[in-house]
Amino acid sequence: MSCFAGRSNDELVGLAREHQLGAIAEKLLARERLSIEDGLALYRSPHLHVVGALANHVRERMHGDLAYFNVNQHVNYTNLCNKLCRFCAFQRLPGQPGAYQMTPDEAADKVRAQLHEPVTEVHMVAGVWPKIPYEYYLDLLRAVKAARPSIHIKAFTMVELDQIAKVAKKPLQVVLEELKAAGLGSVPGGGAEIFSERVRAQTYHLKISGDEWLEIARKVHRAGLRSNCTMLHGHIETVEERVEHLDRLRRLQDETHGFQTYIPLSFHPDNSEMADVPGPTAVDELREIALGRLMLDNIAHVKAYWILMDVAIAQLALSYGADDVDGTVVEERIYHDAGATTPQQVQRDQLVQWILDAGRVPVERDTLYQVVWSADPVRAPIGRAAPVAAS
Ligand code: V47
């Protein structure tokens, strides 16, 4: 049971009124969309517990007390990257210590090494390196699929897709069809950072712009692929820029309905050029989860990625708007290069226990939210699709 459970609608509105959030609570109960001004008020409210109670209300209206996870593994096929983002500790140039690029077969070996585990998804993302030929990406997908034919490949951020289409010298729509034929099943949410041009100019000016990220996501969704979406927070962005980012995701979702899950990504400063920035606190992380749930009324799932939030905060986030914690992961590099102190992987049973300890009902899903296993097969029947409806 959530720490906010057991409150009637009237009590929730009463609590919100006492803390100057009454009008927002009324809108939420009437299922009305929150405005940019509402988003700003929620970011600026000193009463995190009230913001959390509102987000939890919406989360429980959508998902009850179910909490989703999957059995997945990450494969970061190269850390070679020419984008030189100042927040990133993972990127390398050729010849730098630790630089690597896996062959397709080496990536497939990582998948073969987990054949004894019930892995349903491989999450494959990496740096952007223009010398990698187009055939490499197709071979990578084919090799992983050959290693484990049942696996769902969630791969290539919008930033990588931009580079892949450039090196292929083909329109993205054609490239997406070829990647799908080679095994691509869906697209992860990374690389969006924060859409503000101000922040991009100071922090990742070589990366595609927010407009370009959204346009590629539009094409991905039109190609029939689902994707996730993210926001990198806790660096130099303002609350106005965060609300604008969420609103732009929401507007694209109105158009395509292609986003499955929103994941706020907390900035990890260690070993990056921005090591002097303190990064977000636990309070900031919980607020981002809550704001995601409250503003993104048309995206079904909000993920508390335990690898970057720490397990205890991810557990708490399940009562602040999140309904998903990602998966077993197996070998995480991006956040561990940036100082994450969480384990690099977790066993499935441990993940189930973390969710139970947080007072939620664990449900194993596949990448597209079909229920694989459920602690409550009546409310979340195996084989059925988890809700993907709006709030
Ligand atoms: O694109 C890189 C971010 C992203 C740092 O779709 C950093 O299910 C914080 O997108 N501090 C990759 N963030 C991770 C990602 C993701 C993770 C889990 C699940 C899903 C999903 C997607 O991480 C990058 C970049 O935006 N990032 N370095 C850093 N130092």
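Note that the sequence shown ends on residue 393 in the working numbering; no numbers are left out. Glycine residues also receive a C-beta, built at the ideal position from the N, C-alpha and C atoms. None of these values were measured; they are calculated from a predicted model.
Please tell me whether, using a cut-off of 7 Å, the distance from the CB of L353 to the nearest non-hydrogen atom of the ligand V47 is below it. Working through the sequence shown from its first residue, we reach residue 353 at position 351. No, the ligand V47 has no heavy atom inside 7 Å of this Cβ.
Going by DSSP in three states, D328 sits in which element: helix, strand or coil? For the purposes of this step, residue 328 is taken as the residue at position 326 of the sequence shown. Correct three-state label for D328: strand.
Quick check on R94: does DSSP put it in helix, strand or coil? Position 92 of the sequence shown holds residue 94. Note: R94 maps to strand in three-state DSSP.
Extract the residue ranges of the beta strand (DSSP E) inside the stretch 143 to 193, only unbroken runs of 3 or more that lie entirely within it. 154 to 157, 186 to 188
Could you tell me whether the stretch 113 to 121 touches the stretch 46 to 54, using the rule of 3 or more Cβ pairs below 8 Å? No: fewer than three Cβ pairs fall under 8 Å.
So W308 packs on D328, CB below 8 Å; how close in whole Å? Working through the sequence shown from its first residue, we reach residue 308 at position 306. Working through the sequence shown from its first residue, we reach residue 328 at position 326. So it is a contact: roughly 6 Å between Cβ atoms.
Beta-carbon proximity check, R367 vs L320, cutoff 8 Å: Along the sequence shown, one-based indexing puts residue 367 at 365. Along the sequence shown, one-based indexing puts residue 320 at 318. No, Cβ-Cβ distance for R367 and L320 is not below 8 Å.
On the premise that T205 lies in contact with R88, defined as a C-beta separation below 8 Å, what is that separation, rounded to the nearest angstrom? Counting from one through the sequence shown, the residue named residue 88 turns up at place 86. Counting from one through the sequence shown, the residue named residue 205 turns up at place 203. Indeed they touch by this definition, with Cβ atoms about 5 Å apart.
Looking at C90 and the ligand V47, is the gap between the Cβ and the nearest heavy atom below 7 Å? Looking up residue 90 in the sequence shown gives position 88. The answer is yes for C90.
Using C-beta distances below 8 Å, list every residue in its chain close to H154, excluding the 5 sequence neighbours before and after it, in chain order. As a position in the sequence shown, residue 154 is number 152, starting the count at 1. Cβ neighbours of H154 beyond the five flanking positions: T122, E123, V124, G187, S188, D368, T369, L370.
When you compare each of C83, A25, E34 to Y102 by their alpha carbons, which one comes out closest? In the sequence shown, the residue the question calls residue 102 occupies position 100. Considering only alpha carbons, the answer is C83.
Does DSSP put I265 in a helix, in a strand, or in coil? The residue given as residue 265 occupies position 263 in the sequence shown. Correct three-state label for I265: strand.
D328: beta carbon under 7 Å from a heavy atom of the ligand V47? Position 326 of the sequence shown, counting from 1, holds the residue named residue 328. D328 has its CB nearer than 7 Å to a heavy atom of the ligand V47.
Is the beta carbon of V354 less than 8 Å from the beta carbon of A324? Start at 1 with the first residue of the sequence shown, and residue 354 comes out as number 352. Start at 1 with the first residue of the sequence shown, and residue 324 comes out as number 322. No, Cβ-Cβ distance for V354 and A324 is not below 8 Å.
Name, in chain order, the residues that DSSP records as bridge partners for C83. Taking the sequence shown and counting its residues from 1, the one referred to as residue 83 is at position 81. The partner list for C83 (beta bridge, DSSP) is empty, contrary to what the question assumes.
The ligand ADP and V127: does the residue's C-beta get closer than 7 Å to at least one heavy atom of that ligand? Judged by which ligands are present, the ligand ADP is missing from the structure shown, whose ligands are the ligand V47.
What separation, rounded to the nearest whole angstrom, lies between the Cα atoms of V99 and Q93? Taking the sequence shown and counting its residues from 1, one reaches residue 99 at position 97. Taking the sequence shown and counting its residues from 1, one reaches residue 93 at position 91. The sequence given here places Pro at residue 99; Val does not occur at that position. If I take the Cα positions, the gap works out to 11 Å.
Please classify N230: does DSSP put it in a helix, a strand, or coil? Here residue 230 refers to the residue found at position 228 when the sequence shown is read from its first residue. Strand.
Please name the residue in Q262, G191, H223 whose C-alpha comes closest to that of L234. Taking the first residue of the sequence shown as position 1, residue 234 is located at position 232. Residue G191 is the option with its Cα nearest to L234.
Less than 7 Å between the CB of E239 and some heavy atom of the ligand V47, yes or no? Sequence index remark: in the sequence shown, residue 239 carries index 237 (1-based). No - the ligand V47 has no heavy atom lying nearer than 7 Å to the Cβ of E239.
At 3 residues or longer, what runs of the beta strand (DSSP E) sit wholly inside the stretch 330 to 376? 363 to 367, 373 to 376
Sorry if obvious, but does the Cβ on G187 come closer than 7 Å to a heavy atom of the ligand V47? Counted from its first residue, the sequence shown places residue 187 at position 185. Answer for G187: no, Cβ out of range of the ligand V47.
Can you tell me which of the three DSSP states M126 falls into? As a first step, residue 126 is located in the sequence shown; it is residue number 124 there, counting from the start. Strand.
Could you check whether E199 and S211 sit closer than 8 Å to each other, using their CB atoms as the reference points? Along the sequence shown, read from residue 1 onward, the residue named residue 211 stands at position 209. Along the sequence shown, read from residue 1 onward, the residue named residue 199 stands at position 197. Yes; because the gap between Cβ atoms is below 8 Å, this pair is in contact.
Here's the rule: buried if 16 or more other CB atoms are within 10 angstroms of the residue's CB, otherwise exposed. What is G226? Reading the sequence shown from its first residue, position 224 is the one you call residue 226. Flag for G226 reads exposed.
Q262 and A302 look like a contact to me (Cβ under 8 Å); what is the Cβ gap, rounded to whole Å? Your numbering for residue 262 matches position 260 in the sequence shown. Your numbering for residue 302 matches position 300 in the sequence shown. Q262 to A302, Cβ: 6 Å. Contact.
Can the beta-carbon of L296 be found less than 8 Å from the beta-carbon of A32? Indexing the sequence shown from 1 puts residue 296 at position 294. Indexing the sequence shown from 1 puts residue 32 at position 30. No. Outside cutoff.
Kindly examine the ligand V47 and report whether one of its heavy atoms sits closer than 7 Å to the Cβ of A340. Working through the sequence shown from its first residue, we reach residue 340 at position 338. Yes.
Between P282 and the ligand V47, is the CB less than 7 Å from at least one heavy atom? Along the sequence shown, read from residue 1 onward, the residue named residue 282 stands at position 280. It does not: the Cβ of P282 is nowhere closer than 7 Å to a heavy atom of the ligand V47.
Buried or exposed: R386, going by 16 or more other Cβ atoms within 10 Å of its Cβ? Counting from one through the sequence shown, the residue named residue 386 turns up at place 384. Residue burial annotation: R386 is exposed, with fewer than 16 other C-beta atoms found within 10 angstroms of its C-beta.
I'd like to confirm something about Y307: is its beta-carbon nearer than 7 Å to some heavy atom of the ligand V47, or not? Position 305 of the sequence shown holds residue 307. Under cutoff, so the answer is yes.
Sorry if obvious, but does the Cβ on L227 come closer than 7 Å to a heavy atom of the ligand V47? Mapped onto the sequence shown, residue 227 falls at position 225. It does not: the Cβ of L227 is nowhere closer than 7 Å to a heavy atom of the ligand V47.
Just checking my contact of V269 with H237 at CB under 8 Å: how many whole Å lie between their CB atoms? Mapped onto the sequence shown, residue 269 falls at position 267. Mapped onto the sequence shown, residue 237 falls at position 235. The displayed chain sequence assigns Phe, not Val, to residue 269. That pair is a contact at about 4 Å.
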